[in-house]
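A.B. asks:
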Amino acid sequence: MRHKIRSHAHALLAANRFLDMGREQGAEKPTAAATPAGEFGIGPEQLVLMSKDHNVASLQQYGGAQGLSDLLKTNTEKGISGDDDDLLKRKTTFGSNTYPRKKGKGFLRFLWDACHDLTLIILMVAAVASLALGIKTEGIKEGWYDGGSIAFAVILVVVVTAVSDYKQSLQFQNLNDEKRNIHLEVIRGGRRVDVSIYDLVVGDVIPLNIGNQVPADGVLIAGHSLALDESSMTGESKIVNKDANKDPFLMSGCKVADGNGVMLVTGVGVNTEWGLLMASISEDNGEETPLQVRLNGVATFIGSIGLAVAAAVLVILLVRYFTGHTRDIRGGPQFVKGKTKIGHVVDDVIKVITVAVTIVVVAVPEGLPLAVTLTLAYSMRKMMADKALVRRLSACETMGSATTICSDKTGTLTLNQMTVVESYAGGKKTDTEQLPATITSLCVEGIAQNTTGSIFVPEGGGDLEFSGSPTEKAILGWGIKLGMNFDTARSQSSILHAFPFNSEKKRGGVAVKTADGEVHVHWKGASEIVLASCRSYIDEDGNVAPMTEDKELYFKKGIEEMAKRTLRCVALAFRTFEAEKVPTGEEVEKWVLPEDDLILLAIVGIKDPCRPGVKDSVQLCQNAGVKVRMVTGDNVQTARAIALECGILTSDAEDSEPNLIEGKSFRAMTDAERDKISDKISVMGRSSPNDKLLLVQSLRRRGHVVAVTGDGTNDAPALHEADIGLAMGIAGTEVAKESSDIIILDDNFASVVKVVRWGRSVYANIQKFIQFQLTVNVAALVINVVAAISSGDVPLTAVQLLWVNLIMDTLGALALATEPPTDHLMGRPPVGRKEPLITNIMWRNLLIQATYQVSVLLVLNFRGVSILGLEHEVPEHATRVKNTIIFNAFVLCQAFNEFNARKPDEKNIFKGVIKNRLFMGIIVITLVLQVIIVEFLGKFASTTKLNWKQWLICAAIGVIGWPLALVGKFIPVPKTPLSNKLSALKCWGKNKSSGEGSL
């Protein structure tokens, strides 16, 4: 998908360069005057042309962003009204923010793909030949049964396979739609509201911050240091600075790399370059996960064995046939040289070939990849309900192997509901009512201007509505307590330049010009970092006082005391600046705001309570062998207090290095030094995104499977580097989400734990199905091969084996691949990267069941007539009853063995089975269909009706598998994986490199 986008982007780049060459040859020419469209002063064609050509002259002709907003009946500060009537008019005139996507594969295409299975093609050819010969020799009334039955069985397998694949395709398509459904803030009616990207309309006013995706084409109204990554559209990776006057055009699909701004939407959907590009690209769901690749290797290996066995059976049966050692239903030789008609010979040979090919069909475990697809689709759908959106399929299975989780604190372990509960100002710990007017006015000015948040005052009263990050909302709330009127405070000074908050520097600043011409530079950020830049403070009388060592120590102790009580500490400071030294024009955008000689205004302590139940979730991870580590930008003491509260640190004895470490200390180490201590780190405080990346790299070098949570743009490298990147759905930027594998929709650590459970469930369900399917493979192969070699005949016919194949591949996969996760999964350590798919426990279980089934059914095959008391029956009927019982008992063995496969390592195989309605439904369907086949479709399946005693015998043979499985679980297994001893057998063909990992 990304390759296609990149190719289209390069084509667009070439086109843009051609346009640029044209522009260089002559000045930009404004377009014709705005032509009204409906109730609006300009139409979509002119907007599209202006945006496509990036025609600044046309924009200026329309009056710039302000004039354009008037034509579009919107307001650059308050946005559109946003009522239903207004939205309908805009969508009718300018279109909606959707685009037609190329349709994915339809059902007929899946049906066509299913028909390309070589073994099924051979079976169908054999069926047609058998049908023709049967009708010719026996007439249409009786002669169509053998060939027709095989043909019908093949068609049934093809249809069921196509239906299953088509349903999974639709499910993945729905999940892809969910991934594209970005939610963002827009300004409507003066307030910031959260809307889906699909609901954007022309005229919307959208605030942009670092990490956001530009959701539609538009023009910049105002911005500070706004820079975009336009590589998704132009193919060039350089960052482009945007200016409201010189380069105001913003393209949909680009990412905000730096700064902030406000844009006016001028084009949506197919009226944007991004929309046209996406409409031309078809969705690709062909991604294969590592587990699917491994299983394809396993399937190929087992299929090779099956092919060899089938070839041997074919040769043996043909030799026995042509040497007169095979018997017909009456006991006579099937082939007598010179006497058997050529038509009968051809028919008999076709039957032999059909049996051999059917053995291949049964032997090739095609259900393995299907089981992976089913369990991934099922798990992804259920994970959505558990507030986790899977962006990459491989993350589902990888999460089951996670050995450590590096988690953010804010919003993940805590509620992200922040309020200022304590403050230091005027040189002492104080209440807001006690602050001198000087501090109050400067704090209000800094809070109102040094923010990307806002406050909406509802008409007619009501609660104030705060927008912005949780920290900014908390500080805005504190500003209200100081008596701040947000709109008034912003109007009393104008912003000259802003330095948006940076998670590396952990502070953000703004330079403002007051009404009396003074220039103030306000800073806000991590308390100890801002405090270190302060040379003075404002005392309780409102006078500037020098920051003595004693006073600095007093503030540091205050910060430490608040941090120990889990408060996040933020400092506000300012300084004056000579107005005549402020850069002008383009130079102001390059101005580095002064951050020395600051005057401390206040230090506030912000409370962000731990999420309810987070301690239990952390404990659940620890019990499951997954170490939880907190990596936060907060003060080390705050991090320590929260870690103790969450259970990440369990005692004060653990709060020293290397368990508790500061980011700068870890950063200063060499790779070798980091690798020595990274295993022991539980909490990293005052860390930068790069520190998180270094920790992830070190843990991976130590052999860990690392999951990382992140929400900021600068978290993208760590999210990408980790084995599983978990972006936050609420607080996360689009850049973070794009770099992630899974999006945690509610930002809750408990949801991360659920992802671990589902990851383990995916792996466990695949193992259950492997155990079940290999049992069927081994039993069916051995029974038919031994019977063919010894008697020249096989008890299980082609149609019967195709029915078994249907039970095994489709119904079995559906039953076992959709088992929900259990608490048992979180009571064992994670699966290692190189741990074999087939464990010793699975080998033990499948060998016990396969040995039992083979033994019982072969005894029935060779001694069944006497054991079942059929000696006095007509030989033809006795043989038919015996073979029907073998087939029936074999199918019932598989149905009952599905219960054993549910709990490979637990003694109670019925635990939770009633709650799994799908599993029970499939078992019932299997049994009902088996009764119908045996009792009513005798000619189709080569069976005969059984009496109730014979049914009881079949059921008893199947049920005995349950106590056998229970007894088998008391047999100890060696610790060394049996698969390691079979590694030489694994290396077949060219799929060694792709089928990495043991059987």
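Residue 630 in our numbering sits at position 140 of the sequence shown; the count goes up by one each step and never skips. Glycine is no exception: its CB is placed at the ideal position from the N, C-alpha and C atoms.
Output the residue ranges of the beta strand (DSSP E) runs that lie fully inside the stretch 844 to 929 and measure 3 residues or longer, sorted by chain position.
C.D. replies: The qualifying runs are 878 to 880, 894 to 897, 909 to 915.
A.B. asks: Buried or exposed: E1491, going by 16 or more other Cβ atoms within 10 Å of its Cβ?
C.D. replies: For residue 1491 there is no data in the structure shown, the boundaries of the chain being 491 and 1489.
A.B. asks: Work out the CA separation of G917 and D748 for me, nearest whole Å.
C.D. replies: Answer to the nearest angstrom: the Cα atoms are 35 Å apart.
A.B. asks: Comparing C-alpha positions only, which one of I611, S742, T894 sits nearest to I645?
C.D. replies: Among I611, S742, T894, the Cα nearest to that of I645 is on I611.
A.B. asks: With H, G and I counted as helix, E and B as strand and the rest as coil, what does DSSP make of K1459?
C.D. replies: If DSSP states are grouped into helix, strand and coil, K1459 belongs with coil.
A.B. asks: In or out: D667 buried (at least 16 other Cβ within 10 Å) or exposed?
C.D. replies: Exposed, since its Cβ has fewer than 16 Cβ neighbours within 10 Å.
A.B. asks: In this structure, how does DSSP classify Y1044 when only helix, strand and coil are distinguished?
C.D. replies: In the structure shown, Y1044 sits in a helix (DSSP, three-state: H, G or I).
A.B. asks: Suppose you measure from the CA of I711 to the CA of S1229; what does that come to, to the nearest Å?
C.D. replies: The straight-line gap from Cα to Cα measures roughly 29 Å.
A.B. asks: Could you give the uninterrupted runs of the beta strand (DSSP E) lying entirely in the stretch 1328 to 1405, keeping only those of 3 residues or more?
C.D. replies: Counting whole runs of 3 or more residues, the stretch 1328 to 1405 contains no beta strand (DSSP E) stretch at all.
A.B. asks: So, using beta-carbon positions, are A1063 and V1020 closer together than 8 Å?
C.D. replies: Yes, they are a contact pair.
A.B. asks: Is the distance from the Cβ of A1368 to the Cβ of V1355 below 8 Å?
C.D. replies: For A1368 and V1355, yes; Cβs fall inside 8 Å.
A.B. asks: In terms of residue numbering, what span does the beta strand (DSSP E) encompassing F1064 cover?
C.D. replies: Counting along the chain, the beta strand (DSSP E) containing F1064 begins and ends at 1057 to 1067.
A.B. asks: Less than 7 Å between C-beta atoms, sequence neighbours within five positions excluded: which residues of the same chain meet that for M1052?
C.D. replies: Cβ within range, chain order: E912, C1059, G1095.
A.B. asks: Rounded to whole angstroms, what is the Cα-Cα separation between F1426 and I640?
C.D. replies: Answer to the nearest angstrom: the Cα atoms are 17 Å apart.
A.B. asks: In three-state terms, what does DSSP make of W764?
C.D. replies: If DSSP states are grouped into helix, strand and coil, W764 belongs with the helices.
A.B. asks: Just how far apart, CA to CA, sit A505 and M723?
C.D. replies: With a pLDDT of only 48 at A505, under the threshold of 50, the placement of this residue in the model should not be trusted; the figure read from the coordinates follows. Rounded to the nearest angstrom, the two C-alpha atoms are 11 Å apart.
A.B. asks: Starting from G1302, trace the alpha helix (DSSP H) both ways and give me its first and last residue.
C.D. replies: Where G1302 is concerned, the enclosing alpha helix (DSSP H) stretches over 1302 to 1306.
A.B. asks: Could you check which residue in S548, V850, A1061 has the C-alpha nearest to that of G998?
C.D. replies: Among S548, V850, A1061, the Cα nearest to that of G998 belongs to A1061.
A.B. asks: Which value, in whole angstroms, describes the spacing of the CA atoms of I1171 and P1311?
C.D. replies: Approximately 30 Å, taken between the alpha carbons.
A.B. asks: When the distance is taken between beta carbons, is T1308 closer than 8 Å to T863?
C.D. replies: Contact flag unset, no.
A.B. asks: With which residues is G998 paired in a DSSP beta bridge?
C.D. replies: Its beta-bridge partners are K1014.
A.B. asks: By the 10 Å Cβ neighbour count, where 16 or more other Cβ atoms means buried, how is A1305 classified, buried or exposed?
C.D. replies: By the neighbour-count rule (16 or more Cβ atoms within 10 Å), A1305 is buried.
A.B. asks: Could you tell me the distance, in whole angstroms, from the CA atom of E1070 to the CA atom of I1028?
C.D. replies: Approximately 25 Å, taken between the alpha carbons.
A.B. asks: Quick one: what's S944 bridged to in DSSP?
C.D. replies: DSSP lists S957 as partners of S944.
A.B. asks: Kindly provide the ranges of any beta strand (DSSP E) runs that are 3 or more residues long and lie completely inside the stretch 1213 to 1272, ordered along the chain.
C.D. replies: 1214 to 1218, 1232 to 1234, all fully within the stretch 1213 to 1272.
A.B. asks: Return the CA-CA distance between S1280 and R810, expressed in angstroms with no decimal places.
C.D. replies: Distance between the alpha carbons of S1280 and R810 is about 10 Å.
A.B. asks: Would Q1263 and L858 qualify as a contact pair, given that the criterion is a beta-carbon distance under 8 Å?
C.D. replies: In contact: Q1263 and L858 (Cβ atoms closer than 8 Å).
A.B. asks: With 16 as the cutoff for other CB atoms within 10 Å, does F1460 come out buried or exposed?
C.D. replies: So F1460 counts as exposed.
A.B. asks: I'd like the ranges of any beta strand (DSSP E) spanning at least 3 consecutive residues and lying wholly in the stretch 1107 to 1193.
C.D. replies: Correct list: 1117 to 1121, 1150 to 1152, 1173 to 1175.
A.B. asks: Leaving out the 5 sequence neighbours to the left and right, which residues in its chain are closer than 7 Å to F812 when beta-carbon positions are compared?
C.D. replies: Same-chain partners within the cutoff: F825.
A.B. asks: For T1074, which of L986, K1439, H606 has the nearest alpha-carbon?
C.D. replies: Closest by alpha carbon: L986.
A.B. asks: Quick one, are the C-beta atoms of K1288 and T848 less than 8 Å apart?
C.D. replies: Residue identity check: residue 1288 is Ala in the sequence provided, not Lys. Going by C-beta atoms, A1288 is nearer than 8 Å to T848.
A.B. asks: Once you ignore the five residues that flank V650 on each side, which residues in its own chain have a CB closer than 8 Å to its CB?
C.D. replies: So the qualifying residues of the chain are L1296, T1300.
A.B. asks: Rounded to whole angstroms, what is the Cα-Cα separation between T1416 and W1441?
C.D. replies: For T1416 and W1441, the distance between alpha carbons rounds to 15 Å.
A.B. asks: Closest by CA to S931, which one among V947, K919, L1091?
C.D. replies: Closest option to S931, Cα to Cα, is L1091.
A.B. asks: Determine the DSSP secondary structure at A1005, reduced to helix, strand or coil.
C.D. replies: In the structure shown, A1005 sits in coil (DSSP, three-state: anything other than H, G, I, E or B).
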